[in-house]
Every structure is written in structure tokens, then in C-alpha cells.
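Numbering (the working numbering), first residue to last: 1 to 199. For glycine and all other residues, C-beta sits at the position ideal for the given N, C-alpha and C.
In C-alpha cells:
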């Protein structure tokens, strides 16, 4: 009896062209795995899509002086051409902007929230007084406390590979205007992960 195999591949941000690292590290291995199981006669569904909602998309849009949708409209079709040219065999390659994706994400969130698995709490976030806005991690740069790299982002240091929080950086600045951010309390939703420690 054939097995049912789901191959859920990482969703690339629609903020720039794919490169060899994307293909070799993620999409080609997934395609080989899916093809192997198809050859065995298994029922395979390989899915992914363009992530249109990430900070990298808004950063690219601001750099180019266009809307995030303008960036998405350029790179999503380019991804589709890349898969075709590489012979990557997705059963479905969609994007996070579809009505179906929105509905499923809302349903999942509300189900978890209504069952008490999502709750609100506050956390410190960088706020740029000049731009008058809270800054996503990637909008903050500074010096890495681990290796001294002066171009570390608020989410990670590309110099040493360490994961960071914006408040870890020495001399943090706003990537938009160069001002020093203030750290303010902000309310957010969190998932109660300790509720899922046991099956």
C-alpha cells in the first residue's frame, strides 16, 4: 500500500532572486526526496510558496522606493521560472498572499487562541524616535557582543552566526535613519509552548 508523503519545503522571502545556496541547501534535496518516493509509488505532495509577509520584503521595498507588492510582483514569477528551469517538481508553489492562506492562518490562530494556547504579554522592542515607529529586528544594526562585528543585525550576526535580540547589540542604530532606538514595552501574542511538551 502506498505511503502518503508530505514534503513541506521552506518558503523563500519574495525579496530577491534565488541563489545556489537556496537551491543546493533546500530545494534540490527536497525535490530528490519527493522524486524518490514518487518512483517508489508513494502518494507525494510537495508544497511551498513565496513568503510575502516578511521584514526582508519591506526592507527591499523601502530601499527601492516601491511598495512591498511591487517587490513581490517581481520575485514570485522569477521563483516560478527558476523552478521550471531547474526542473524542481512542486505539486503546489503558492504564496502567503492568497485568500486560502489568509483563511487557514486566521483559522489556526483563532483555534489556538480560543483554546488558551495563545496569550498576550509585553516585551521590550526597539522604537525609533525619529521615524516614530517600532523597528523589526532587521531594521536595527549595531556591534555584535560576541565577535565585535560592527554590521550585526538585530536578529543575528552574519560575522559569527549567533542569534541576537536588538537589545544585545552594542551601539544599536535604526537602519532607516541612523538614530539610536529607545527600548519600549509593546504588547504581543505568544504561543504557550509548554502546553505541547507531552504528546
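- Put simply, the segment 55-69 does not touch the segment 107-118. Fewer than three CB pairs are less than 8 Å apart.
- Residue 110: member of the alpha helix (DSSP H) spanning 99-114, first to last residue.
- Under the 8 Å Cβ criterion, the segment 157-173 does not count as touching the segment 97-104, having fewer than three qualifying pairs.
- Counting C-beta pairs with one atom in each stretch, the segment 43-51 and the segment 12-25 have three or more that are closer than 8 Å, which means they touch.
- Along the length of the segment 59-100, whole alpha helix (DSSP H) runs at least 4 residues long occupy 68-86, reported in chain order.
- Residue 131 places its beta carbon 7 Å or farther from that of residue 181.
- Nearest neighbour of residue 87 by Cα position, chosen from 31, 133 and 60, turns out to be 31.
- The beta carbon of residue 2 is closer than 7 Å to those of 41, 42 and 43 in its chain, skipping five residues each way along the sequence.
- A straight line joining the alpha-carbon of residue 104 with that of residue 148 spans about 42 Å.
- For residue 25, the three-state secondary structure derived from DSSP is helix.
- As computed with DSSP, residue 174 is found in a beta bridge with 140.
- In the DSSP secondary-structure assignment, residue 150 is not bridged to any residue.
- Inter-residue distance for residue 74 and residue 45 is about 27 Å (C-alpha atoms, whole angstroms).
- For residue 122, the enclosing beta strand (DSSP E) covers residues 118-128.
- Exposure of residue 119 is indicated by the presence of fewer than 16 other C-beta atoms within 10 angstroms of its C-beta.
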